[in-house]
Amino acid sequence: MADNLQPFWQRKRLSEMNAGEWESLCDGCAKCCLQKLHDEDDPEETVYYTELACDLLDLGTCRCSDYTNRHARVPSCVWLTLDDLDEFHWLPATCAYRRLAEGRDLPDWHPLVTGRADSTREAGYAVTGRARHVASLDEADWPEHIAEWPLEESP
Ligand code: SF4
Ligand code: SF4
1 MADNLQPFWQ RKRLSEMNAG EWESLCDGCA KCCLQKLHDE DDPEETVYYT ELACDLLDLG
61 TCRCSDYTNR HARVPSCVWL TLDDLDEFHW LPATCAYRRL AEGRDLPDWH PLVTGRADST
121 REAGYAVTGR ARHVASLDEA DWPEHIAEWP LEESP
């Protein structure tokens, strides 16, 4: 009985969630819309985040400006599914999908916890104010824009 009082993300495994629940887990931080780099010779396959965001990202709201067509327009756009569960370790430590996959709970600033869509940005865990669009930069210059903040932990 008490279990039914728990929110769905505490009651259900990721594999048990319906499409709406799965989608609602995204906190809207937009860190997965940042360009990422890795060294092909690195056996650890370390992922380096940059401060460079996809050009379709609205840097103010952290929303995709063409969400419906995002995968057609940006082939590298991430589409998280259960099939990728083993690979969620490359996601930011704050990402709800990674947190739940690792057996952690959602943070207290997550919109599902606060009931407010803007709470991720308000808590400082979104890319707003820290990212810039990638369009004007040559890919060879991306390494100069590697950033630590996208990988910051959160309580
Ligand atoms: S990193 Fe995770 S929580 Fe943040 S926008 Fe991407 S999928 Fe959503
Ligand atoms: S297409 Fe949209 S959702 Fe995909 S990376 Fe770009 S801004 Fe993010």
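In terms of my numbering, the sequence shown has 50 at position 50, counting the first letter as 1, and numbering is strictly consecutive. Glycine is no exception: its CB is placed at the ideal position from the N, C-alpha and C atoms. No experiment lies behind these values; they were computed from the predicted model shown.
In this structure residue 128 is buried. Its beta-carbon is surrounded by 16 or more other beta-carbon atoms within 10 angstroms. Around residue 15, the same chain offers 82 as residues with beta carbons nearer than 7 angstroms, after the five sequence neighbours per side are excluded. If you draw a straight line from the Cα of residue 4 to the Cα of residue 79, it is about 30 angstroms long.
Between the stretch 44-54 and the stretch 128-147 there are three or more inter-stretch CB-CB distances shorter than 8 angstroms, so the stretches are counted as touching.
Between the alpha carbons of residue 140 and residue 10 lies a gap of roughly 43 angstroms.
Between residue 38 and residue 50, the CB-CB gap reaches or exceeds 8 angstroms.
The C-beta of residue 35 has 16 or more other C-beta atoms within 10 Å across all chains shown, which makes the residue buried.
The beta carbon of residue 116 sits no closer than 7 angstroms to any heavy atom of ligand 2. Annotated three-state conformation of residue 112 is helix, per DSSP.
According to the DSSP assignment, residue 53 belongs to no alpha helix (DSSP H) but to the beta strand (DSSP E) extending over 48-53. Around the beta carbon of residue 121, 16 or more other beta carbons sit within 10 angstroms, so the residue counts as buried. Within the same chain, Cβ atoms closer than 8 angstroms to the Cβ of residue 100 are found at 9, 14, 25 and 106, the five residues on either side in sequence being excluded. The criterion of a C-beta distance shorter than 8 angstroms is satisfied by residue 71 and residue 77. The DSSP-derived three-state label of residue 70 is helix. One alpha carbon belongs to residue 86, the other to residue 147, and they sit about 24 angstroms apart. Cβ atoms of residue 30 and residue 126 come within 8 angstroms of each other, at about 6 angstroms.
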